[in-house]
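Everything on this sheet refers to the single structure shown next.
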Amino acid sequence: MSDILDELQPIFQDIFEDDELSITAESNADTVEGWDSLAHINLIFSIEQEFEIKFALGELEAMKNVGDMVELMQIKLLK
Amino acid sequence: MFQQSSFNSFEFIFLFLPCFLIGFNLLKKSSNSHYSHYWLIICSLFFYSWGNLSNLPILLSSLVFNYIIAQFMGPFDTQSSLRPRNLSRKFFLILGIVLNVLFLSYYKYFSYLPLGISFFTIMQIMYLVDCYEGMLKPNTLREHALVVSFFPTVTMGPILRVNNVLTQFRETVNKGISPEQLTAGIALFSIGLFKKVVIADSFSVIVDIGYASVSTLSMIMAWVISLSYTMQLYFDFSGYSDMAIAIAMALGIKIPINFNSPYKSKSLVEFWQRWHISLTYFITTYIYTPIVRSFKKITFSKVMLATLIAMTIMGVWHGSTINFIIFGFLHGVGLILNHYWQKKIKIKLPNFLAWVLTIIYINFAFVFFRADSFIDAIQVLTSMFNLNLLTYSGMDQLVANKLTVPPMIIGILLIFSKRNSNQIIKEFNPTLLNLIGFIILTIISMIYLNSNFTQEYIYNDF
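Sequence lines, in order, name chains U and P.
Once you know that position 2 of the first sequence is 1 in numbering that gives the first Met the number 0, the rest is easy, because the numbers rise by one and skip nothing.
Once you know that position 86 of the second sequence is 85 in numbering that gives the first Met the number 0, the rest is easy, because the numbers rise by one and skip nothing.
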């Protein structure tokens with residue numbers, strides 16, 4: 000869990016243009032400034048490219064916070 | 000008397016629903032628990048064909064077609080990355096989507112409109128995509144029929160996600176109807192019924208008069224009828240959605256809410272998160288996202304273009320006339336302005352001003368939604384700003400039918416009330432006071448249901 004979270008940090012810092020940004024599993028659209036629908040889609044696609052995985056459309060809604068994302072990524076990376 | 004498959008009729012409430020529920024509950028206790036599912040399918044098909052039997056073959060062929068396509072596609076297999084296998088799955092996905100869209104377009108734009116076709120078609124497109132992407136296994140015919148024909152949602156949604164509902168059906172197959180859920184369901188149903196037959200249908204009286212004579216509207220009446228339609232549409236469709244969710248709730252099936260106080264929104268982006276939520280979900284996830292994904296590099300302007308395309312498709316989904324295209328396009332443009340303001344201008348408007356601007360914009364767009372033609376819509380919109388028409392003429396029509404006045408006032412108050420129907424039901428307690436309240440609500444609904452201005456649902460036409 001923590002490994003993936005560490006690897007996610009630079010992606011988040013890049014998308015939200017904030018080098019100081021530090022995310023946790025609980026981080027979500029309410030706690031991170033600028034996390035709107037546009038940032039969300041940017042985030043998803045950046046993660047897909049970086050980790051060479053692909054999320055199903057039906058999975059996108061379930062990712063409400065960073066923890067959900069990491070959990071889903073773990074499953075995908077195992078395959 | 001019963002001309003349409005709808006919830007707001009005496010036959011549905013006092014005959015169909017009780018018979019269905021009793022049978023459903025009895026069969027749940029039988030040796031083969033799937034009997035209750037067969038009973039539900041039979042009742043759903045009966046409900047669907049009640050108003051017009053000729054719709055039935057259309058629902059059935061769509062249902063069987065999508066069942067077969069999913070079977071041909073087969074389950075998602077992570078182990079096998081064999082190219083021919085993946086290619087054939089993709090072939091069936093594309094074939095399925097194309098034929099669904101052609102099927103819907105033919106009936107929507109070139110023929111008469113079978114009930115619910117817009118809703119069950121996009122629901123099954125989502126099903127095929129989810130199947131392709133491995134979110135679920137292909138359904139058995141029984142399960143597919145169960146979800147697609149499900150009578151609470153078959154005519155006007157909420158647009159269900161097949162795997163979500165099916166999981167619940169599987170989990171509750173041996174459980175009887177719980178008294179708590181049944182009570183909460185009845186309470187929510189009575190709220191929905193009141194919103195539809197008392198409030199929405201009261202607004203419809205002045206709306207119908209106004210839109211039938213758009214060339215003679217005074218400035219004030221133009222505002223009155225356009226805002227009244229905005230109110231009517233919300234109470235009509237959210238009242239229906241409440242009833243659909245309520246019936247499912249009584250069966251132990253949780254359906255996601257479709258409306259969440261949309262007219263409290265302080266931006267257009269917020270509005271679409273609160274209005275017809277199941278359609279917004281389909282548009283953002285299955286149309287907007289694939290468009291954005293198809294761009295190699297994501298930029299602000301490309302995302303905005305995707306928004307405009309997706310919202311225009313949303314408009315076209317409602318109907319083929321120029322007015323629906325404009326309706327979707329206006330919302331696309333509005334969302335772009337909204338995002339541009341948030342990203343580039345970054346000035347926070349006072350809440351009240353933001354709310355007023357949002358409501359006015361929504362109201363403009365709904366003029367195109369309601370008007371019988373493009374010319375009519377322009378006529379209403381110009382009357383709204385023509386100071387020469389600043390007279391009170393036509394205002395007497397507002398109170399012509401006394402029975403419609405109190406519900407219109409209640410409707411306006413409800414828009415601002417602290418809790419909406421979903422929130423009320425979440426904290427619902429079956430106390431004596433609540434019982435009395437809901438009985439009074441139902442009696443009033445019955446009186447209005449018996450009156451001469453009961454209307455069909457607006458979304459029956461989509």
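The beta carbon of each residue, even a glycine, is placed where N, CA and C say it ideally should be.
Predicted model, so just to flag it, every value in this text is computed and none were measured.
Considering only U/LYS78, U/GLU49, U/GLN73 and U/VAL65, the residue with the shortest C-alpha distance to U/SER21 is U/VAL65. Contact annotation: in the region 122-137 of chain P, residues whose CB is within less than 7 Å of a CB in chain U are VAL128, ASP129, GLU132, GLY133 and MET134. P/MET394 sits exposed, since fewer than 16 C-beta atoms from the chains shown fall within 10 Å of its C-beta. The C-beta of U/ALA55 comes closer than 8 Å to at least one C-beta of chain P. Within the region 115-148 of chain P, complete alpha helix (DSSP H) segments of at least 4 residues are found at 116-131 and 140-147, given in chain order. Beta-bridge analysis with DSSP links U/ASN27 to U/ASN64. Assigned with DSSP and collapsed to three states, U/GLU51 falls in coil, not helix or strand.
Close to chain U, meaning a Cβ-Cβ distance shorter than 8 Å, are the following residues of the region 290-303 of chain P: VAL291, ARG292, ILE297, PHE299 and VAL302. Nearest to P/ILE41 by alpha-carbon distance, out of P/SER30, P/LEU20 and P/LYS28, is P/LEU20.
Selection P/GLY115, P/ILE93 and P/ASN459 evaluated against P/LEU103 yields P/GLY115 as nearest (Cα-Cα).
The Cβ atoms of P/THR229 and P/PHE365 sit closer than 8 Å to each other. Neighbours of P/TYR280 in chain U, taken as residues whose beta carbon is under 8 Å from its own, are GLU60 in chain order. The C-beta distance from P/ASP241 to P/ILE190 rounds to 6 Å, short enough to fall under 8 Å. Scanning chain P for C-beta atoms nearer than 8 Å to the C-beta of U/ASN41 yields ILE297, reported in chain order.
Taking C-beta separations shorter than 7 Å and ignoring five residues to either side along the sequence, the partners of P/ILE424 in its chain run ALA183, ALA186 and LEU187, following chain order. Ranked by how close their Cα comes to the Cα of P/THR284, the residues U/MET62, U/SER1, U/GLU19 and U/ASP67 have U/MET62 in first place. Neighbours of U/PHE44 in chain P, taken as residues whose beta carbon is under 8 Å from its own, are VAL291, ARG292 and ILE297 in chain order. Just measuring C-alpha positions, the residue of P/ARG84, P/LYS265, P/VAL128 and P/SER227 sitting nearest U/GLY57 is P/VAL128.
Annotation: U/LEU71 has no Cβ neighbours in chain P at a cutoff of 7 Å; minimum Cβ distance is about 12 Å. Between P/GLY251 and P/GLN341 a beta carbon distance of about 41 Å is seen, past the 8 Å cut, so the two are scored as non-contacting. Under the three-state reduction of DSSP, P/MET155 is assigned to coil, being neither helix nor strand.
Measuring C-alpha to C-alpha distances from P/TYR239 to each of P/TYR456, P/THR279 and P/SER217 identifies P/TYR456 as the nearest. Within 7 Å of the CB of U/LEU37, the CB atoms of chain P belong to VAL302 and HIS338, in sequence order along the chain. Below 8 Å, enough C-beta pairs join the region 161-170 of chain P and the region 143-153 of chain P to call them touching: three or more. When the Cα atoms are used, P/THR139 and P/TRP316 turn out to be separated by approximately 29 Å.
Our two residues, U/ILE40 and U/ASP67, have alpha carbons roughly 15 Å apart in a direct line. Identification of chain U residues near P/TYR285 by a Cβ-Cβ cut-off of 8 Å yields LEU56, ordered along the chain. Residue P/LYS253 holds the alpha-carbon nearest to the alpha-carbon of P/GLU170 among P/LYS253, P/THR215, P/ASP200 and P/ILE244.
Within its own chain, the residues whose Cβ lies closer than 6 Å to the Cβ of P/PHE323, once the five positions on either side in sequence are excluded, are GLY314 and HIS317, listed in chain order. In the structure shown, P/TYR456 adopts coil according to DSSP, grouped into three states. For P/HIS33, there is no enclosing alpha helix (DSSP H), as DSSP marks it with neither H nor E. In this structure P/GLY436 is exposed. Its beta-carbon is surrounded by fewer than 16 other beta-carbon atoms within 10 angstroms. By the Cβ-count criterion, P/LYS28 is exposed, with fewer than 16 other Cβ atoms from all chains shown falling within 10 Å of its own Cβ.
Taking 8 Å as the cut-off, the beta carbon of P/LEU334 is found closer than this to the beta carbon of P/LEU267. The beta carbon of P/VAL153 sits closer than 7 Å to the beta carbons of SER43, TYR47, GLY115 and PHE119 from its chain, once the five residues preceding and following it are set aside; these are given in chain order. Residue range 321-339 is occupied by the alpha helix (DSSP H) that includes P/HIS330.
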